[in-house]
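Notes for the one structure printed next.
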Amino acid sequence: MTAHDRPSPWWTPQRYADRRPFLQARTAITRAVRAWFEEQGFAEVETAILQISPGNETHLHAPRTELRQADGSHAPRYLRTSPEFACKKLLAAGEPKIYEFARVFRDRERGDLHLPEFTMLEWYRANAGYDAIMADTIVVIAHAAQATGIGRFSFRGRTADPFAEPELLTVAAGFERFAGIDLLATISGGEGDREALAAAAAARVRVADDDTWSDIFSKVLVEHIEPHLGQGRLTVLFEYPSPEAALARTKAGDPRVAERFEVYACGVELANGFGELTDAAEQRHRFTAAMDEKARRYGERYPLDDDFLAAVSQMPEASGVALGFDRLVMLASGAPRIDQVVWTPPAGET
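Here the sequence shown stands for residues 59 to 408, numbered as in this note's numbering.
In structure tokens form, the structure reads like this:
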């Protein structure tokens, strides 16, 4: 491709004019969502991007940098994948209701639904169950749609009414309905039985010899469950299996599942929420296991944030959610791709 064949830069007036309506929609949505949080008595916070640890999930990757201290020494830092650690420290400090439009970063991610740098809208309620955060999420999505006047979300041939009563579906029910798999039968004592799930899923997905229980779960979820979610209306997928609990607490009375939910529209995951885990020892155990798996797969591991783990032990009961704000704007504005709803696309792209 010669220089003459390349598209003009995104900032040329002709190309920018095509994106500008989507950006105006972004402004309207931001204003409407911020007003709702203010009405609800939330404090808007701004937390630090550079962190000791960017997050400790196996498949999340973060850019790394180095700070030079006043004494000339070097201190490694990471660009956060979420503001979660900092926000939970604020809950431990006594903040009851907080939200943040956070710039976050993910390595190894780029596509119609992924950007290496994007906006995560996160919010937390102290002393509230995760059903309250679920309800918040549905309201926020409706406010976004109301701000643009769009009546129906659409993406890749799928549609969803953001104002309709959402579908509530447990993960186990989704696996049974769409894949014919009894998921909870493959979980015992909070641990996944890899061989049991491999046998149950063998007719549905390709299972590799080194796939873990979580790998097989993810393959079935992506290939057979997610395409059916958020069709015609929003879907709240909840009660995730405990091996996928991440930072969520397990459900009282049923250790096979956790207080974790995700919200989908048109097959697109918009939000991921938790009834927050406040057991620091359990959180350390989960993080360590995830970093062991990251080291096995990718040859790297991220440090644990001991300050965060100390804060977890002091946190009140709380619930929180992370919503992909750019994805929400994409659906509420009618944009076909996520890079059309950000003011400046990823650096180096035209």
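We put the CB at the ideal spot given by N, CA and C, even for glycine.
Just to confirm, are residue i and residue j a CB contact at a threshold of 9 angstroms?
{"i": "residue 199", "j": "residue 81", "result": "no"}
{"i": "residue 180", "j": "residue 141", "result": "yes"}
{"i": "residue 120", "j": "residue 360", "result": "yes"}
{"i": "residue 316", "j": "residue 329", "result": "no"}
{"i": "residue 382", "j": "residue 332", "result": "no"}
{"i": "residue 259", "j": "residue 237", "result": "yes"}
{"i": "residue 380", "j": "residue 178", "result": "yes"}
{"i": "residue 404", "j": "residue 171", "result": "no"}
{"i": "residue 146", "j": "residue 348", "result": "no"}
{"i": "residue 106", "j": "residue 73", "result": "no"}
{"i": "residue 46", "j": "residue 196", "result": "Nothing in the structure corresponds to residue 46, since the chain is present only between 59 and 408."}
{"i": "residue 297", "j": "residue 318", "result": "yes"}
{"i": "residue 155", "j": "residue 202", "result": "no"}
{"i": "residue 168", "j": "residue 118", "result": "no"}
{"i": "residue 249", "j": "residue 262", "result": "no"}
{"i": "residue 217", "j": "residue 130", "result": "no"}
{"i": "residue 188", "j": "residue 306", "result": "yes"}
I need the straight-line Cα distance from residue i to residue j, nearest angstrom please.
{"i": "residue 228", "j": "residue 125", "result": "44 angstroms"}
{"i": "residue 210", "j": "residue 219", "result": "5 angstroms"}
{"i": "residue 186", "j": "residue 149", "result": "12 angstroms"}
{"i": "residue 257", "j": "residue 300", "result": "20 angstroms"}
{"i": "residue 251", "j": "residue 324", "result": "31 angstroms"}
{"i": "residue 335", "j": "residue 226", "result": "23 angstroms"}
{"i": "residue 295", "j": "residue 213", "result": "19 angstroms"}
{"i": "residue 65", "j": "residue 398", "result": "15 angstroms"}
{"i": "residue 205", "j": "residue 92", "result": "12 angstroms"}
{"i": "residue 288", "j": "residue 128", "result": "52 angstroms"}
{"i": "residue 101", "j": "residue 194", "result": "15 angstroms"}
{"i": "residue 279", "j": "residue 233", "result": "8 angstroms"}
{"i": "residue 132", "j": "residue 122", "result": "13 angstroms"}
{"i": "residue 182", "j": "residue 136", "result": "23 angstroms"}
{"i": "residue 292", "j": "residue 151", "result": "35 angstroms"}
{"i": "residue 340", "j": "residue 245", "result": "18 angstroms"}
{"i": "residue 67", "j": "residue 207", "result": "30 angstroms"}
{"i": "residue 365", "j": "residue 406", "result": "36 angstroms"}
{"i": "residue 368", "j": "residue 338", "result": "7 angstroms"}
{"i": "residue 157", "j": "residue 103", "result": "6 angstroms"}
{"i": "residue 239", "j": "residue 230", "result": "8 angstroms"}
{"i": "residue 153", "j": "residue 215", "result": "42 angstroms"}
{"i": "residue 242", "j": "residue 313", "result": "10 angstroms"}
{"i": "residue 394", "j": "residue 286", "result": "20 angstroms"}
{"i": "residue 410", "j": "residue 85", "result": "Outside the shown range of the chain, which is 59 to 408, sits residue 410, and nothing can be said about it."}
{"i": "residue 134", "j": "residue 235", "result": "47 angstroms"}
{"i": "residue 274", "j": "residue 71", "result": "47 angstroms"}
Assign residue i to buried or exposed, taking buried as 16 or more other Cβ atoms, counted over all protein chains shown, within 10 Å of its Cβ.
{"i": "residue 271", "result": "buried"}
{"i": "residue 76", "result": "exposed"}
{"i": "residue 264", "result": "exposed"}
{"i": "residue 284", "result": "buried"}
{"i": "residue 402", "result": "exposed"}
{"i": "residue 108", "result": "exposed"}
{"i": "residue 111", "result": "buried"}
{"i": "residue 311", "result": "exposed"}
{"i": "residue 59", "result": "Because the pLDDT at residue 59 is just 49, under 50, the model does not fix this residue reliably, and the point stays unresolved."}
{"i": "residue 320", "result": "buried"}
{"i": "residue 113", "result": "buried"}
{"i": "residue 371", "result": "exposed"}
{"i": "residue 98", "result": "exposed"}
{"i": "residue 322", "result": "buried"}
{"i": "residue 222", "result": "exposed"}
{"i": "residue 166", "result": "exposed"}
Pull up the DSSP beta-bridge partners for residue i, would you.
{"i": "residue 219", "result": "291"}
{"i": "residue 185", "result": "In the DSSP output, where bridge partners are listed per residue, residue 185 has none listed."}
{"i": "residue 371", "result": "Residue 371 is not bridged to any residue."}
{"i": "residue 155", "result": "183"}
{"i": "residue 124", "result": "134"}
{"i": "residue 329", "result": "321, 381"}
{"i": "residue 212", "result": "217"}
{"i": "residue 102", "result": "157"}
{"i": "residue 362", "result": "Its beta-bridge partners do not exist; DSSP assigns none."}
{"i": "residue 178", "result": "160, 382"}
{"i": "residue 431", "result": "The question about residue 431 has no answer, for the chain in this structure spans 59 to 408."}
{"i": "residue 299", "result": "315"}
Any beta carbon of chain B sitting closer than 9 angstroms to that of residue i?
{"i": "residue 69", "result": "No chain B appears in this structure, which consists of one protein chain only."}
Cβ of residue i versus every heavy atom of the ligand ZN: is any distance shorter than 8 angstroms?
{"i": "residue 72", "result": "As far as ligands go, the structure on display features none, and thus does not contain the ligand ZN."}
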